[in-house]
Amino acid sequence: MNSPLLARVGLAFVLGSVLGALPLVAQSQSQSQSQSRSLVVSTYGFNGDLLKKHVYDPFKAQCKCDLVIETGNVAERLAKLEARRANPVVDLIQMPDFTALEASNKGLLQPIALAKLKNLGEVYDFGRDPLRNQQAVANTVYLVGLVVRSDKPASASVTSWKDLWRPELKGHLMLANITGNQGLATLFMADKAWGGLATDLSTGIGKIAAIKGNVVTFYTQTAQMTALFAQDEAWVAPVGRFAWPNLKKTGKPLKWVVPKEGQLGVMNVLAIPKGAKNADLTEQLIDFWLSRDVQTALANDLVDSPINRNARPRADALDGLTFGAEQIDSLTFMKPDMVVRERAGWVNQWNRMISTR
Amino acid sequence: MHRRLAWLLLAPALLFIALLFMAPVLALLAGAFRIDGAWALSPLITFFDEPLHREVYWRTLRIAGLATLTSALVCYPAALAMVRVPPPWRGLLTGLVILPLMVSPIARTYSWIVLLGRNGFFNALLQGLGLSDEPLKLLFTEGAVFVGLLQLMMPLMLLSLVSALENLPADVLAAAATLGANRWQAFAKVVLPLTQEGLIVGGTLVFTGCVTAYITPALLGGPQVLMLETLLYQKVNVMSDPASASVIAVLLLVTTLMVNQLLKRVSK
Numbered sequence: 018m019n020s021p022l023l024a025r026v027g028l029a030f031v032l033g034s035v036l037g038a039l040p041l042v043a044q045s046q047s048q049s050q051s052q053s054r055s056l057v058v059s060t061y062g063f064n065g066d067l068l069k070k071h072v073y074d075p076f077k078a079q080c081k082c083d084l085v086i087e088t089g090n091v092a093e094r095l096a097k098l099e100a101r102r103a104n105p106v107v108d109l110i111q112m113p114d115f116t117a118l119e120a121s122n123k124g125l126l127q128p129i130a131l132a133k134l135k136n137l138g139e140v141y142d143f144g145r146d147p148l149r150n151q152q153a154v155a156n157t158v159y160l161v162g163l164v165v166r167s168d169k170p171a172s173a174s175v176t177s178w179k180d181l182w183r184p185e186l187k188g189h190l191m192l193a194n195i196t197g198n199q200g201l202a203t204l205f206m207a208d209k210a211w212g213g214l215a216t217d218l219s220t221g222i223g224k225i226a227a228i229k230g231n232v233v234t235f236y237t238q239t240a241q242m243t244a245l246f247a248q249d250e251a252w253v254a255p256v257g258r259f260a261w262p263n264l265k266k267t268g269k270p271l272k273w274v275v276p277k278e279g280q281l282g283v284m285n286v287l288a289i290p291k292g293a294k295n296a297d298l299t300e301q302l303i304d305f306w307l308s309r310d311v312q313t314a315l316a317n318d319l320v321d322s323p324i325n326r327n328a329r330p331r332a333d334a335l336d337g338l339t340f341g342a343e344q345i346d347s348l349t350f351m352k353p354d355m356v357v358r359e360r361a362g363w364v365n366q367w368n369r370m371i372s373t374r
Numbered sequence: 127m128h129r130r131l132a133w134l135l136l137a138p139a140l141l142f143i144a145l146l147f148m149a150p151v152l153a154l155l156a157g158a159f160r161i162d163g164a165w166a167l168s169p170l171i172t173f174f175d176e177p178l179h180r181e182v183y184w185r186t187l188r189i190a191g192l193a194t195l196t197s198a199l200v201c202y203p204a205a206l207a208m209v210r211v212p213p214p215w216r217g218l219l220t221g222l223v224i225l226p227l228m229v230s231p232i233a234r235t236y237s238w239i240v241l242l243g244r245n246g247f248f249n250a251l252l253q254g255l256g257l258s259d260e261p262l263k264l265l266f267t268e269g270a271v272f273v274g275l276l277q278l279m280m281p282l283m284l285l286s287l288v289s290a291l292e293n294l295p296a297d298v299l300a301a302a303a304t305l306g307a308n309r310w311q312a313f314a315k316v317v318l319p320l321t322q323e324g325l326i327v328g329g330t331l332v333f334t335g336c337v338t339a340y341i342t343p344a345l346l347g348g349p350q351v352l353m354l355e356t357l358l359y360q361k362v363n364v365m366s367d368p369a370s371a372s373v374i375a376v377l378l379l380v381t382t383l384m385v386n387q388l389l390k391r392v393s394k
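Going down the list, the protein sequences come from chains A and S. The first sequence begins at 18 in this note's numbering and counts up one residue at a time. The second sequence begins at 127 in this note's numbering and counts up one residue at a time.
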């Protein structure tokens with residue numbers, strides 16, 4: 018082989034390689050541009066794998082962007098939001114409605130362009146603008162009702178929140194502590210049932226203090242509540258609907274009771290921190306999260322009860338969900354502004370009555 | 127030259143402790159005495175103005191103190207027995223002693239919920255022995271928290287005492303006996319003074335562990351038996367009250383240091 022031929026073959030090879038690589042370079046540049054947009058989502062630490070499957074991964078595929086998930090309990094994530102106020106890192110935060118209002122009152126949230134959310138029309142009315150300032154949209158709702166042992170006459174006949182005060186339930190009544198949503202719900206419904214003002218809840222606190230000797234404990238964790246039912250310690254307790262499937266696995270004869278005064282609804286909301294740099298993309302994520310398909314998929318895996326009225330969960334999942342006209346119509350909600358304003362006072366008052374001799 | 131080298135070798139560790147431990151702890155503690163940027167004692171005073179806080183503090187001291195005292199009384203004879211068994215058996219016993227520390231605190235605490243329940247082992251035993259006609263409320267009481275903490279912390283006392291007793295010269299007891307001391311006198315006047323370091327270390331560890339424990343009081347006591355650590359959790363996570371949480375952190379630290387000094391003084 019002579020050298021000019023070798024040189025020509027070599028040149029053709031180099032040119033071919035370069036030309037062949039051009040589409041790859043272009044594709045990679047385009048990918049890096051879309052990948053360069055990245056959203057930080059601040060959320061709870063549980064069900065991360067299922068949220069990834071039903072929300073994060075499908076949205077990433079759709080938006081060609083990246084999602085970074087920050088997890089932690091609400092207080093910790095709210096504190097971070099406050100600490101980074103000047104230079105917000107988080108694009109979307111999930112929290113209970115009253116915590117979102119607390120954040121909003123501190124100037125940590127910005128309005129969401131609700132008009133851009135195509136799926137908002139399918140969301141239950143109460144979830145569309147729960148803070149009444151367009152700074153949050155509910156992404157799920159769950160109810161707190163009563164679970165009773167159906168084989169014990171004292172508990173099987175419970176039909177009202179007021180029935181928890183029956184003396185025959187002494188030693189078998191379990192309530193939830195005020196530090197959790199179920200405890201707050203119990204207190205609110207007790208106050209309502211006993212004719213309280215539903216503003217200061219002192220009637221409810223006084224009533225609960227009067228039967229603290231009847232109470233097995235004021236549970237702080239769902240697992241603890243389930244264990245106490247499993248051990249026959251408790252015959253009746255206020256329970257969040259999400260815990261119902263696990264309670265049934267205890268094998269005890271349990272039934273769900275919708276008290277005649279109603280059940281309390283608790284909402285988790287999605288909000289955008291003030292100064293977040295990707296609001297437009299975040300609003301797309303919120304809209305995606307609220308969509309019928311995503312809400313149905315999350316409900317089927319018992320991650321969250323749907324807030325989208327058109328979601329259609331599988332029949333075998335319904336037991337663990339807050340779903341259907343009967344349940345949704347039975348819901349009563351606490352006003353988030355009242356919770357924000359009064360909660361610390363209620364906890365102090367509760368502690369004084371429950372934790373002192 | 128040697129001195130400079132010594133400082134150079136110490137520098138990374140000192141820097142690590144200063145930056146990642148001392149500075150955050152001091153910042154946290156300072157938070158308890160700051161109001162609107164000015165130094166003040168009022169947060170501490172306000173904290174103790176609340177009867178609930180006084181009761182919680184007293185309850186924490188009472189349970190931790192009782193657990194420390196009980197673990198010392200139970201562990202001294204056990205440690206004396208352990209140092210007398212041949213080394214291979216001692217290794218096995220030490221393994222058994224630290225076994226509870228290797229079990230998840232949550233699993234261990236849940237097992238107490240099963241044992242102390244109305245239908246649990248202890249109520250069945252009490253009723254079986256005719257000591258009670260009906261199940262007693264053992265769970266979610268101060269007694270339940272005490273038992274849970276005692277089981278959790280006792281190994282720390284036992285290991286401290288075993289370590290101190292192992293360093294006790296073997297012939298001192300023989301010497302005491304030669305000088306006419308009976309067994310009790312030999313223990314009180316020779317063994318106890320020579321192993322008091324182990325008691326101080328064990329006592330401080332048990333007391334500190336009890337006042338700073340969260341899972342055991344939270345699960346076995348619940349809201350009816352609030353202790354400083356469970357109250358601190360509430361202040362931070364529910365009431366968004368970092369000022370009170372800082373006061374509790376100061377109380378925990380100061381109380382632990384005071385108890386350590388008290389134990390040292392008593393042992394002198």
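By construction, the Cβ of each residue, glycine as well, lies at the ideal position given by its N, Cα and C atoms. Being a predicted model, the structure only gives us computed values, none of them experimental.
Three-pair Cβ contact test at 8 Å for the stretch 319-338 of chain S versus the stretch 166-185 of chain S: no
Spatial distance of ALA132/A from LEU307/A (CA atoms): Translated into positions along the first sequence, residue 132/A becomes position 115. Translated into positions along the first sequence, residue 307/A becomes position 290. Approximately 14 Å between the Cα atoms of the pair.
DSSP state of TYR236/A mapped onto helix, strand, coil: Mapped onto the first sequence, residue 236/A falls at position 219. Looking at TYR236/A - three-state DSSP - the assignment turns out to be strand.
Cutoff 8 Å: ARG369/A Cβ touching any chain S Cβ: As a working note, residue 369/A is residue 352 in the first sequence. Cβ-Cβ to chain S under 8 Å: yes for ARG369/A.
Where the beta strand (DSSP E) containing GLU355/S begins and where it ends: Within the second sequence, residue 355/S is the residue found at index 229, counting from 1. Element bounds for GLU355/S: not the beta strand (DSSP E) but the alpha helix (DSSP H), 354-363.
4 or more residues per run - each alpha helix (DSSP H) lying fully within the stretch 164-243 of chain S: 168-175, 177-208, 213-228, 231-242
VAL273/S: contacting residues in chain A (beta-carbon distance under 9 Å): Within the second sequence, residue 273/S is the residue found at index 147, counting from 1. None at all; the shortest Cβ gap to chain A is about 16 Å.
Beta carbon proximity, GLY254/S to chain A, threshold 8 Å: Residue 254/S sits at position 128 when you count from the first residue of the second sequence. No - not a single Cβ of chain A is within 8 Å of the one on GLY254/S.
Residues bridged to MET112/A (per DSSP): Here residue 112/A is taken as the residue at index 95 of the first sequence, counted from 1. In the DSSP output, where bridge partners are listed per residue, MET112/A has VAL286/A.
Residue-chain proximity (TYR236/S, chain A), Cβ-Cβ < 8 Å: Taking the second sequence and counting its residues from 1, one reaches residue 236/S at position 110. With 8 Å as the cut-off, TYR236/S counts as an interface residue toward chain A.
C-alpha gap between ILE224/S and PRO281/S, whole angstroms: Here residue 224/S refers to the residue found at position 98 when the second sequence is read from its first residue. Here residue 281/S refers to the residue found at position 155 when the second sequence is read from its first residue. Going from the Cα of ILE224/S to the Cα of PRO281/S covers about 6 Å.
Listed by chain order, chain A residues near ILE374/S by CB distance under 8 Å: Numbered from its first residue, the second sequence carries residue 374/S at position 248. Near ILE374/S there are no residues of chain A at all, since even the closest Cβ is about 13 Å away, more than 8 Å.
Given ASP66/A as reference, the closest of ASP354/A, LEU315/A, ILE110/A, ASN285/A once Cα atoms are compared: Counting from one through the first sequence, the residue named residue 66/A turns up at place 49. When each option's Cα is compared against that of ASP66/A, the closest is LEU315/A.
CB contact flag (LEU160/A, VAL175/A, <8 Å): Along the first sequence, read from residue 1 onward, the residue named residue 160/A stands at position 143. Along the first sequence, read from residue 1 onward, the residue named residue 175/A stands at position 158. No, they are not a contact pair.
Beta-carbon contacts of SER47/A that lie in its chain and below 6 Å, excluding the five residues immediately before and after: Mapped onto the first sequence, residue 47/A falls at position 30. With a pLDDT of 41 at SER47/A, under the threshold of 50, the predicted position of this residue should be treated as unreliable, and no value is reported.
Cβ pair LEU299/S, VAL288/S closer than 8 Å: For the purposes of this step, residue 299/S is taken as the residue at position 173 of the second sequence. For the purposes of this step, residue 288/S is taken as the residue at position 162 of the second sequence. Not closer than 8 Å, so no.
Per-residue DSSP class, three states only, for VAL357/A: As a working mapping, residue 357/A is identified with position 340 in the first sequence. DSSP places VAL357/A in helix when its eight states are reduced to three.
Cα-Cα separation, ARG54/A to ASP83/A: Counted from its first residue, the first sequence places residue 54/A at position 37. Counted from its first residue, the first sequence places residue 83/A at position 66. Taking the straight line joining both Cα atoms gives about 6 Å.
Runs of beta strand (DSSP E) lying entirely within the stretch 212-280 of chain A, each at least 3 residues, in chain order: 232-236, 253-257, 271-274
Inter-stretch contact at 8 Å, needing at least 3 Cβ pairs: the stretch 364-372 of chain A / the stretch 192-204 of chain A: yes
ARG166/A - partner residues in DSSP beta bridges: Counting from one through the first sequence, the residue named residue 166/A turns up at place 149. Partner(s): LEU271/A.
Exposed unless 16 or more other CB atoms sit within 10 angstroms - verdict on ARG94/A: For the purposes of this step, residue 94/A is taken as residue 77 along the first sequence, with counting starting at 1. Buried: at least 16 other Cβ atoms inside 10 Å.
DSSP three-state assignment for VAL317/S, whether helix, strand or coil: Translated into the one-based positions of the second sequence, residue 317/S becomes position 191. VAL317/S falls in the helix class under three-state DSSP.
Segment contact flag, the stretch 260-272 of chain A with the stretch 241-248 of chain A, C-beta cutoff 8 Å, min 3 pairs: yes
C-beta atoms of ALA339/S and ALA158/S nearer than 8 Å: Counted from its first residue, the second sequence places residue 339/S at position 213. Counted from its first residue, the second sequence places residue 158/S at position 32. Contact flag unset, no.
GLY230/A classed as buried or exposed, judged by whether at least 16 other C-beta atoms fall within 10 angstroms: Along the first sequence, one-based indexing puts residue 230/A at 213. Classification for GLY230/A: exposed.
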